[in-house]
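Okay, structure first, notes after.
4 protein chains.
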Amino acid sequence: MERRLTERGEQRRTQLVEFATRRFAENGYHPTSVAEIVEGIGVGKGVFYWYFPSKEQLFREILRDAQRDLRKRQQQAIEGLDLPIDRIEQGIRESMRWSAENRHLFVLFQFATSEERFAPAMRKGEEVAVADAARHVKDAMADGEIPDGDPMLQAHAMLGVASHLARVFIHEQGRSGDEIADAAVEFCLRGILGGA
Amino acid sequence: MERRLTERGEQRRTQLVEFATRRFAENGYHPTSVAEIVEGIGVGKGVFYWYFPSKEQLFREILRDAQRDLRKRQQQAIEGLDLPIDRIEQGIRESMRWSAENRHLFVLFQFATSEERFAPAMRKGEEVAVADAARHVKDAMADGEIPDGDPMLQAHAMLGVASHLARVFIHEQGRSGDEIADAAVEFCLRGILGGA
Amino acid sequence: MERRLTERGEQRRTQLVEFATRRFAENGYHPTSVAEIVEGIGVGKGVFYWYFPSKEQLFREILRDAQRDLRKRQQQAIEGLDLPIDRIEQGIRESMRWSAENRHLFVLFQFATSEERFAPAMRKGEEVAVADAARHVKDAMADGEIPDGDPMLQAHAMLGVASHLARVFIHEQGRSGDEIADAAVEFCLRGILGGA
Amino acid sequence: MERRLTERGEQRRTQLVEFATRRFAENGYHPTSVAEIVEGIGVGKGVFYWYFPSKEQLFREILRDAQRDLRKRQQQAIEGLDLPIDRIEQGIRESMRWSAENRHLFVLFQFATSEERFAPAMRKGEEVAVADAARHVKDAMADGEIPDGDPMLQAHAMLGVASHLARVFIHEQGRSGDEIADAAVEFCLRGILGGA
DNA sequence: AATGAATGAGCGTTCATTCAT
DNA sequence: GATGAATGAACGCTCATTCAT
Numbered sequence: 001m002e003r004r005l006t007e008r009g010e011q012r013r014t015q016l017v018e019f020a021t022r023r024f025a026e027n028g029y030h031p032t033s034v035a036e037i038v039e040g041i042g043v044g045k046g047v048f049y050w051y052f053p054s055k056e057q058l059f060r061e062i063l064r065d066a067q068r069d070l071r072k073r074q075q076q077a078i079e080g081l082d083l084p085i086d087r088i089e090q091g092i093r094e095s096m097r098w099s100a101e102n103r104h105l106f107v108l109f110q111f112a113t114s115e116e117r118f119a120p121a122m123r124k125g126e127e128v129a130v131a132d133a134a135r136h137v138k139d140a141m142a143d144g145e146i147p148d149g150d151p152m153l154q155a156h157a158m159l160g161v162a163s164h165l166a167r168v169f170i171h172e173q174g175r176s177g178d179e180i181a182d183a184a185v186e187f188c189l190r191g192i193l194g195g196a
Numbered sequence: 001m002e003r004r005l006t007e008r009g010e011q012r013r014t015q016l017v018e019f020a021t022r023r024f025a026e027n028g029y030h031p032t033s034v035a036e037i038v039e040g041i042g043v044g045k046g047v048f049y050w051y052f053p054s055k056e057q058l059f060r061e062i063l064r065d066a067q068r069d070l071r072k073r074q075q076q077a078i079e080g081l082d083l084p085i086d087r088i089e090q091g092i093r094e095s096m097r098w099s100a101e102n103r104h105l106f107v108l109f110q111f112a113t114s115e116e117r118f119a120p121a122m123r124k125g126e127e128v129a130v131a132d133a134a135r136h137v138k139d140a141m142a143d144g145e146i147p148d149g150d151p152m153l154q155a156h157a158m159l160g161v162a163s164h165l166a167r168v169f170i171h172e173q174g175r176s177g178d179e180i181a182d183a184a185v186e187f188c189l190r191g192i193l194g195g196a
Numbered sequence: 001m002e003r004r005l006t007e008r009g010e011q012r013r014t015q016l017v018e019f020a021t022r023r024f025a026e027n028g029y030h031p032t033s034v035a036e037i038v039e040g041i042g043v044g045k046g047v048f049y050w051y052f053p054s055k056e057q058l059f060r061e062i063l064r065d066a067q068r069d070l071r072k073r074q075q076q077a078i079e080g081l082d083l084p085i086d087r088i089e090q091g092i093r094e095s096m097r098w099s100a101e102n103r104h105l106f107v108l109f110q111f112a113t114s115e116e117r118f119a120p121a122m123r124k125g126e127e128v129a130v131a132d133a134a135r136h137v138k139d140a141m142a143d144g145e146i147p148d149g150d151p152m153l154q155a156h157a158m159l160g161v162a163s164h165l166a167r168v169f170i171h172e173q174g175r176s177g178d179e180i181a182d183a184a185v186e187f188c189l190r191g192i193l194g195g196a
Numbered sequence: 001m002e003r004r005l006t007e008r009g010e011q012r013r014t015q016l017v018e019f020a021t022r023r024f025a026e027n028g029y030h031p032t033s034v035a036e037i038v039e040g041i042g043v044g045k046g047v048f049y050w051y052f053p054s055k056e057q058l059f060r061e062i063l064r065d066a067q068r069d070l071r072k073r074q075q076q077a078i079e080g081l082d083l084p085i086d087r088i089e090q091g092i093r094e095s096m097r098w099s100a101e102n103r104h105l106f107v108l109f110q111f112a113t114s115e116e117r118f119a120p121a122m123r124k125g126e127e128v129a130v131a132d133a134a135r136h137v138k139d140a141m142a143d144g145e146i147p148d149g150d151p152m153l154q155a156h157a158m159l160g161v162a163s164h165l166a167r168v169f170i171h172e173q174g175r176s177g178d179e180i181a182d183a184a185v186e187f188c189l190r191g192i193l194g195g196a
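Going line by line, the protein sequences match chains G, U, C and E.
Counting along the first sequence from 1, when you hit position 105 you're at 105 in the numbering used here, and nothing is skipped either side.
Counting along the second sequence from 1, when you hit position 5 you're at 5 in the numbering used here, and nothing is skipped either side.
Counting along the third sequence from 1, when you hit position 57 you're at 57 in the numbering used here, and nothing is skipped either side.
Counting along the fourth sequence from 1, when you hit position 117 you're at 117 in the numbering used here, and nothing is skipped either side.
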């Protein structure tokens, strides 16, 4: 049952979500205890269970909201672009920008994908995001801009490039997001354009 | 202190490693308890600690051995190939074959990369493997086979493609490893060859 | 992190300290398990760790509080006595009275002194108490009441007499505290007065 | 059943006793595991149980042998001394020499006295040793050398002085055994001689 | 005499969750 | 809305002891 919260309640809830997200990402989901979260923001244990039915549900909510946010950001980024290729490029750039800005959520995605319990939810969200990209690939094929192929496969390949480069070069090595995005775009467009 | 094991001990140890690996991959590292592992193979709890100093050390050992195995397999696969491009192609194919055959280790890698505690070890291993590939990319550039660029970056991009496609299409959708490897190779070679 | 306790919490804490002290003294520190303590007062295991960070910390707290209590009692006992010799005598008497009343703490002191882990804390507390007595010995020497000598050494000798006699005759043989205190005082005063 | 041991077996046994004694004294009886002992001398676990029925029995044996050794040493030290007072003095000196040389056994005595399980054995041994000293005190009284009093009580007082000074000044502060023995003897003889 | 392997109860501790106030 | 207190199963790990070889 959705609880109707006062403004103060809404703030508390947000505070809990944000603090928990950071701790989950830094420490891992399992090693982060509810006690640690509530102590971190200086409230009693009951508070946590006033806002969330369980630690697991909070985590699922974080995951779901993050996936939604990423998708919305990508949609906004390509809005108004006419050429499929442009949409693909901006989609890649936006996803890398998002990864750079939400490093901790990125780490959470990685963990969630690895654990059976959360993997199905992750798969579903990923599939939706990739389907968006695949549509643009398909359009580009229809327009004759790129050679025919399996659009889902190509979209996934691009996602693989973008997320891996973001992790290694942006998160781990701290290099500039734009620079790495340029490289990712170049690699991906070549990958789908082929010798054309 | 290295313990000298009898043949029976060696077998028990292997049994423990294998069973634990499977459980870690299926259930997650944290949710899998030592009790679950020893019950699974029908021995007392002390047996685990006779062979391993801790659950964490066993996990690190699994990780380290898996990374070594993958690297060795790749090296064997490209042995004797003269052209850098061929080495790159076979490297990709071998890594996907390995992923297909060691699905559970693949999942473990994903988890380990996501948790601060294990991430450094993973990074180091990954860096070694990628450096191998980067050398071939560099050679290909020197030979004028592919346009100049950052070899480490391109090697990582290829790793991103290969691992992501393996996860989604081979592990999750159960498609043929060879077919997906073809697609990965095609995408990657285009990615580095560019308009050439 | 200091926890703020309600009155009920304070009571529970005291209950735990008292019960644990008794069990430690009767059974030994190591042989007494946390489970035994919480079962003894009929609460869940978590309760123990709500009030104390560890079994060891609880033990240290018991030790520290006991040393403080003994010292305070001695200070109160000699308050207002002008002659150093009187202070020494009353100090001995009070320490034996305390030993008689706190037999279990006495045993804990003995154990703690014997184990490397707790010995440093014990030494420190003992040194403080002995320094008090040594000051009176020094004063008596300055007054010419007793022959010169090493005050710390003599104070320790008196502590040796008092604690040993308390253990053997009061605790083990159950003889009257006053009677033994008389003997201890007599022996000690002769010891420091010498042929005077 | 007493096992008849070969010479090599006898050596092994002694090695185990000595190593265990040191570990018990340094680390505590409970915190020292059988595994630690056998690993420390590089043998398998079975060896321990070949020579001793249990860890506890080994400890009791160490205690018993130490008490016997101390007593024998004291008896040898006073052999041939005619005056009771001399016997008392040399008894004190010998016990402090023994304490200085067997610091670890001294610590073990202290622990054993504090734990219900071993305390009765300790008490018995102590009583025997003190009775020896008390006899000399009695003799001295009979000879009119010292004023009348309770010999057992005075003997215990002297033991208290000697053992406490040994612990604090010889073991903890590392001062010279002879110097401290002088002080102990002086204090004790005054204590029993009184104003005489 | 000695080994390496195994046992399994028990340890100190943690933690998601519940609840009275 | 929020607190401090409590629960108790489960955790990773230890250890005295036993046993087949």
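C-beta atoms are modelled at their ideal positions from N, C-alpha and C, and glycine is treated no differently.
Bear in mind that the values here come from a model prediction, so they are computed numbers and not experimental data.
In the DSSP assignment, find the alpha helix (DSSP H) that holds Phe52/C and state where it starts and stops.
In the third sequence, residue 52/C corresponds to position 52, counting from 1. Segment: none, Phe52/C is in no alpha helix (DSSP H) and carries neither H nor E.
Name the two residues that bound the continuous alpha helix (DSSP H) containing Ser163/E.
Here residue 163/E refers to the residue found at position 163 of the fourth sequence. First-last of the alpha helix (DSSP H) with Ser163/E: Pro151 to Leu165.
With DSSP collapsed to three states, give me the class of Asp190/E.
As a working mapping, residue 190/E is identified with position 190 in the fourth sequence. In the sequence as presented, Asp is not what sits at residue 190/E; that position holds Arg. It is helical.
At a cut of 8 Å, does the stretch 116–123 of chain C reach the stretch 56–68 of chain C through at least three beta carbon pairs?
They touch, by the three-pair rule.
Using the Cβ count rule (16 or more neighbours within 10 Å means buried), how would you classify Lys138/U?
Residue 138/U sits at position 138 when you count from the first residue of the second sequence. Per the 10 Å Cβ criterion, buried.
Taking all protein chains shown into account, do 16 or more other C-beta atoms lie within 10 angstroms of the C-beta of Ala196/G, making it buried, or fewer, making it exposed?
As a working note, residue 196/G is residue 196 in the first sequence. Residue placement at Ala196/G cannot be trusted, given a pLDDT of 49 that sits under 50; the coordinates are not used to answer.
If you measure beta-carbon to beta-carbon, which residues of the stretch 33–65 of chain U are closer than 9 Å to chain G?
Result list empty, no residue passes.
Quick one: grab the DSSP three-state call for His104/G.
If you number the first sequence from 1, residue 104/G lands on position 104. In this structure, His104/G counts as helix in the three-state DSSP scheme.
Among the candidates Asp132/U, Ile180/U and Glu7/U, whose CA atom is the shortest distance from the CA of Asn149/G?
Numbered from its first residue, the first sequence carries residue 149/G at position 149. Per the sequence shown, residue 149/G should be read as Gly rather than Asn. Ranking Asp132/U, Ile180/U and Glu7/U by Cα distance to Gly149/G puts Ile180/U first.
Along the alpha helix (DSSP H) that carries Glu39/G, what are the first and last residues, could you check?
The residue given as residue 39/G occupies position 39 in the first sequence. Taken as a continuous stretch (DSSP letters only), the alpha helix (DSSP H) holding Glu39/G covers Val34 to Gly40.
Nearest chain C C-beta to Ala183/E closer than 9 Å, yes or no?
Position 183 of the fourth sequence, counted from the first residue, corresponds to residue 183/E. It does; some Cβ of chain C falls within 9 Å.
Let's test the definition: count the other Cβ atoms within 10 Å of the Cβ of Met1/G and tell me whether it reaches 16, buried, or not, exposed.
Sequence index remark: in the first sequence, residue 1/G carries index 1 (1-based). Legend: pLDDT at Met1/G = 44, less than 50; position of this residue unreliable, value from coordinates given subsequently. Classification for Met1/G: exposed.
Does DSSP classify Asp139/C as helix, strand or coil?
As a position in the third sequence, residue 139/C is number 139, starting the count at 1. Helix at Asp139/C.
Give the residues from the stretch 103–122 of chain G that approach chain U closer than 7 Å (Cβ to any Cβ), ordered along the chain.
The stretch 103–122 of chain G vs chain U, Cβ under 7 Å: Val107, Gln110, Phe111, Thr113, Ser114, Glu115 and Glu116.
Using beta carbons (cut-off 9 Å, strictly below), is Ala131/U in contact with chain G?
Stepping through the second sequence from its first residue, residue 131/U is reached at position 131. Answer no: the Cβ-Cβ gap between Ala131/U and chain G never drops below 9 Å.
By the three-class DSSP mapping on this structure, what secondary structure does Ala196/C have?
The residue given as residue 196/C occupies position 196 in the third sequence. Because Ala196/C sits at a pLDDT of 49, beneath the cut-off of 50, its placement in the model cannot be relied upon, and the following sentence gives the value as read from the coordinates. Three-state result, Ala196/C: coil.
Quick one, are the C-beta atoms of His30/U and Phe106/U less than 9 Å apart?
Here residue 30/U refers to the residue found at position 30 when the second sequence is read from its first residue. Here residue 106/U refers to the residue found at position 106 when the second sequence is read from its first residue. No, the pair does not count as a contact, with Cβ atoms beyond the cut-off.
Which residues in chain U have a C-beta closer than 9 Å to the C-beta of Asp148/G? List them in chain order.
As a working mapping, residue 148/G is identified with position 148 in the first sequence. Here the premise fails: no neighbours, minimum Cβ distance about 12 Å.
If we cut at 9 Å on Cβ distances, does Leu165/C have a partner in chain E?
Reading the third sequence from its first residue, position 165 is the one you call residue 165/C. Leu165/C counts as touching chain E.
According to DSSP, simplified to helix, strand and coil, what is Pro147/E?
Residue 147/E sits at position 147 when you count from the first residue of the fourth sequence. If DSSP states are grouped into helix, strand and coil, Pro147/E belongs with coil.
Leu159/C touches chain E at which residues, Cβ-Cβ below 8 Å?
Locating residue 159/C in the third sequence gives position 159, counting from the first residue. Result: His164.
Roughly how many whole angstroms lie between the Cα atoms of Arg22/U and Met158/U?
As a working mapping, residue 22/U is identified with position 22 in the second sequence. As a working mapping, residue 158/U is identified with position 158 in the second sequence. Using only the alpha carbons, I get a separation of about 28 Å.
Along the chain, where does the alpha helix (DSSP H) that runs through Leu16/G open and close?
For the purposes of this step, residue 16/G is taken as the residue at position 16 of the first sequence. It spans Glu7 to Asn27 - the alpha helix (DSSP H) in which Leu16/G sits, taken as one unbroken run.
Just to make sure I have the definition right: I need the residues of chain E whose C-beta is within less than 9 Å of the C-beta of Glu172/C. Which are they?
Numbered from 1 along the third sequence, position 172 holds the residue referred to as residue 172/C. Under the 9 Å cutoff, chain E gives Ala119 and Arg123.
Identify, in the order they occur along the chain, each residue of the same chain with its Cβ nearer than 6 Å to the Cβ of Leu165/U, setting aside the five sequence neighbours on each side.
In the second sequence, counting from the first residue as 1, residue 165/U sits at position 165. The residues are Ile180 and Ala184.
So, with DSSP's three-state summary, where would you put Leu70/U?
Along the second sequence, read from residue 1 onward, the residue named residue 70/U stands at position 70. Three-state result, Leu70/U: helix.
For Val128/U, count the other beta carbons within 10 Å of its own beta carbon; 16 or more makes it buried, fewer makes it exposed. Which is it?
To locate residue 128/U, count along the second sequence from 1; it is residue 128. Val128/U comes out exposed.
What is the DSSP secondary structure of Val185/G, counted as helix, strand or coil?
Counted from its first residue, the first sequence places residue 185/G at position 185. Val185/G: helix per DSSP, three-state reduction.
Please tell me whether Ile192/U has its Cβ less than 9 Å away from any Cβ of chain G.
Translated into the one-based positions of the second sequence, residue 192/U becomes position 192. So yes, Ile192/U belongs to the interface.
Any Cβ of chain U within less than 9 Å of the Cβ of Gly91/G?
Within the first sequence, numbered from 1, the residue matching residue 91/G stands at position 91. Chain U, which has no Cβ nearer than 9 Å to the Cβ of Gly91/G, makes this no.
Give me the Cβ distance between Ile85/E and Glu145/E, rounded to the nearest whole Å; I'm assuming they're in contact under 8 Å.
Taking the fourth sequence and counting its residues from 1, one reaches residue 85/E at position 85. Taking the fourth sequence and counting its residues from 1, one reaches residue 145/E at position 145. That belief holds up - the Cβ atoms of Ile85/E and Glu145/E are roughly 6 Å apart, short of 8 Å.
Could you name the residues of chain U that Gln74/G contacts, counting a contact when the two beta carbons are closer than 9 Å?
On the first sequence, position 74 is the one that residue 74/G refers to. Within chain U, no residue comes near Gln74/G; the closest Cβ sits about 17 Å away, beyond 9 Å.
Going straight from the alpha carbon of Arg153/E to that of Arg12/E, what length do you get?
As a working note, residue 153/E is residue 153 in the fourth sequence. As a working note, residue 12/E is residue 12 in the fourth sequence. Note on residue identity: the sequence assigns Leu, not Arg, to residue 153/E. So the alpha carbons of these two residues sit roughly 42 Å apart.
So, using beta-carbon positions, are Ile88/E and His136/E closer together than 9 Å?
Counting from one through the fourth sequence, the residue named residue 88/E turns up at place 88. Counting from one through the fourth sequence, the residue named residue 136/E turns up at place 136. Yes; because the gap between Cβ atoms is below 9 Å, this pair is in contact.
Go ahead and pull the three-state DSSP assignment for Met1/G.
Within the first sequence, numbered from 1, the residue matching residue 1/G stands at position 1. At Met1/G the pLDDT is 44, less than 50, meaning the model places this residue with poor confidence and gives no usable figure here.
Residues in the same chain with beta-carbon distance under 6 Å from Leu193/C, minus the five sequence neighbours each way, listed in chain order, please.
In the third sequence, counting from the first residue as 1, residue 193/C sits at position 193. Answer for Leu193/C: Ile146, listed in chain order.
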